[in-house]
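In our numbering, the protein residues as written are 602 to 776. Working notes for the structure below.
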């Protein structure tokens, strides 16, 4: 399981366990992996839905074993992922997903070096940039934010992931 899922997965699970219906979409059409986390088949998914003339969501959302949480795997690698994610069909598909769940989370590839995340960000309500503490360089964060803002994305902010906490010698409160 790749580290970037450490925000999308727990968020989806916590919201679903709180009683809200959630759809988690593996929108990393280049290096998909959500299907492995849930032990689901990954041959069919978002790519198939967008490249076929199939209408509706019948059969494309898979149950996860977590109540209220369904997953849409990415499917096979398409010829041009960014074009597919930025297509009119993707816009219509996102609109359809909004009626199927209280929350739809798109797990995308990193904002750099490919434009997939920025393209998809235009179609979503909001974006959270996940930054790995100790791994992601400041320049990459700055470039990613600039790219998302240039694309017109509604960036809510960033989440610092994989932070190592040091044990303190004790903190206490005295009256």
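Every residue gets a Cβ at the ideal spot worked out from N, C-alpha and C, and that includes glycine.
From this set, the options, which residue's C-alpha is nearest residue i's C-alpha?
i	options	result
residue 616	635, 671 and 692	671
residue 684	720, 695 and 675	720
residue 667	675, 613, 674 and 716	613
residue 692	731, 641, 722 and 712	722
residue 690	710, 653, 669 and 707	653
residue 550	729, 747 and 748	Residue 550 falls outside the range modelled here, since the chain spans only 602 to 776, and no answer is possible.
residue 780	725, 697 and 696	An answer regarding residue 780 cannot be provided, because it is not within the stretch 602 to 776 covered by the chain.
residue 716	626, 611 and 631	631
So residue i packs on residue j, CB below 8 Å; how close in whole Å?
i	j	result
residue 686	residue 628	7 Å
residue 750	residue 756	7 Å
residue 661	residue 678	Contact flag wrong, Cβ pair sits at about 17 Å.
Specify the secondary structure class of residue i as computed by DSSP and reduced to three states.
i	result
residue 603	Any reading at residue 603 must be qualified, since the residue scores a pLDDT of 41, below 50, and its modelled position is unreliable; the value itself is stated next. Residue state, collapsed to three classes: coil.
residue 754	coil
residue 662	coil
residue 712	coil
residue 733	strand
residue 747	helix
residue 740	helix
Taking DSSP's pairing of strands, which residues face residue i in a bridge?
i	result
residue 624	671 and 705
residue 762	733
residue 728	756
Are the C-beta atoms of residue i and some chain C residue less than 7 Å apart?
i	result
residue 687	Absent from the structure is chain C; it holds one protein chain and no more.
Contact between the stretch 638-651 and the stretch 731-738 (3+ Cβ pairs under 8 Å): no
The stretch 701-710 / the stretch 615-623 touching (three or more Cβ pairs under 8 Å): yes
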